[in-house]
Structures are given as structure tokens and as C-alpha cells.
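Protein chains in written order, with the working numbering: chain A, 1 to 113; chain B, 1 to 114. Ideal placement from N, C-alpha and C gives every residue a C-beta, glycine not left out. So the structure is just underneath, and the comments pick up after that.
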């Protein structure tokens, strides 16, 4: 079945450091790919998405590119801030899964001043 | 602003009681909603798909008699945890698709069963 793998955390970075969180997926066909963010004690917020190969999703300085050849959707940000501290979930919706979201395990990010 | 709301945000109950959690889509209709459960420091686990006008579809291993789902209208789904026990304590999150492929998630309900 469809699945998502992402790098295990926790990840700790200093403010203004470069961030990469790796995400790879397994799916039949070409799913839609997402990054969600969860701040402490809150629900999930959609951060960005890409629906086809080579699409780049971007929001709030975060970017991720849909790479079909490597089945990856790595999340990047050039300069993280303390306010970016949260848990980040990579996710997919398969073309035949009727809107069911398959989540990765999540990566906890802590940014220190 | 938020497009999916949940109520209550936190609930504490005694073992053996039932708890109802509401999930509402704001300003859009959702014929399908999803209920997830999240344990501390873990990912979200899909529990069931709530279908307006028909029975909910439960994921394997989820007790349908324990977690009752009712999709009362095109903007409201409810999850009732019946005869709750401490092991049911968790963070429950609902979602609804507003546009194709994209789910919007509620803020979650923290359930603590004493």
C-alpha cells in the first residue's frame, strides 16, 4: 500500500540555519504530496503541496519539489526562525485513495536562538 | 482563518462515561470527513471516514461500537467515544476536503479519561 517515510527527529538547529527534512514515498501512480505543520498543542496546518511531477510547493519561506524519479518531496528552508519550531508531517493522497491522507511519522524541529 | 472547527478543544471525563466530539466545516459543505487519532509524539492514525447520509467506514482495528460516528449534515460530523477508558485518552483530529486532494484539519480535541 501507499506509504510515506521521513527522517526521524528531533532536529535541533540554530536560528538562521538551513533546514532540510527528507521525505520519500511509495504509491501507485502519481499521488498528490503535502507538508503539514503542527505547532505544540494544536491541530495540523497545510504548509504546502504539489500535485504533479516537478511541481514546487512553497509557503512562508519553505519549499518542496515533487521528484518523481526519486519519489521524494524534501522540505527546505533557507533560514529558520524560532517560530518554526514544530512537528512537520509529510503526507500523500493517492489517486485511488478517495482523499485519504497517508502521513509520515513526523519530524520534530526545534530552533534555538 | 480556520475552515474546520472542533468542539470541545479539551475534555476530561470519568472512566465509563461517553464523550461526544463535534467537527464542523465552516463555509463549505463536506460530504466526507475523516477522524484521526494521535498519540503523544506520534503521527496521525486514520480511524474512520464519515459519510453524510450513510454509515461511516472504519479502518481495520478500530472498534465501530466504541467510536460512534454520525454525519448529521453536510457541515457536521460527530465522534462519540462510548464507555471511555484511560487508554482512550488521546488527541482526536477531524478533517474535511474543501478542494480536491487537500484536507483541512480541525484544531483537535484533547481527551483525558480519568
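| said: So if I threshold CB-CB distances at 9 angstroms, which residues from the segment 33-45 of chain A count as touching chain B? | reply: 34, 36, 38, 41, 42, 43, 44, 45
| query | If you draw a straight line from the C-alpha of residue 19/B to the C-alpha of residue 34/B, how long is it? | reply | By one-based count along the second chain, residue 19/B stands at place 19. By one-based count along the second chain, residue 34/B stands at place 34. Cα to Cα, the separation comes out at about 18 angstroms.
| query | Helix, strand or coil: which one does DSSP assign to residue 4/A? | reply | Counted from its first residue, the first chain places residue 4/A at position 4. Looking at residue 4/A - three-state DSSP - the assignment turns out to be strand.
| said: According to DSSP, simplified to helix, strand and coil, what is residue 50/B? | reply: The residue you call residue 50/B lines up with position 50 of the second chain. Reduced to three states, the DSSP call for residue 50/B is strand.
| field | residue 32/A in three-state terms, based on DSSP | value | Your numbering for residue 32/A matches position 32 in the first chain. Looking at residue 32/A - three-state DSSP - the assignment turns out to be strand.
| Of all the options 114/B, 76/B, 44/B, which has the alpha carbon lying nearest to the alpha carbon of residue 22/B? | For the purposes of this step, residue 22/B is identified with residue 22 of the second chain, where counting begins at 1. Cα-wise, what sits closest to residue 22/B is 76/B.
| query | Would the beta-carbon of residue 112/B be found less than 7 angstroms away from any heavy atom of the ligand NAP? | reply | Here there are no bound small molecules, and the ligand NAP is not part of this structure.
| query | Could you give the distance in angstroms between the alpha-carbon of residue 11/B and the alpha-carbon of residue 68/A? | reply | Counting from 1 along the second chain, the entry for residue 11/B is found at position 11. Counting from 1 along the first chain, the entry for residue 68/A is found at position 68. Computed Cα separation, rounded: 43 angstroms.
| task | Report yes if the C-beta distance between residue 67/B and residue 81/B is below 8 angstroms; otherwise report no. | result | Sequence index remark: in the second chain, residue 67/B carries index 67 (1-based). Sequence index remark: in the second chain, residue 81/B carries index 81 (1-based). Yes, these two residues count as a Cβ contact at 8 angstroms.
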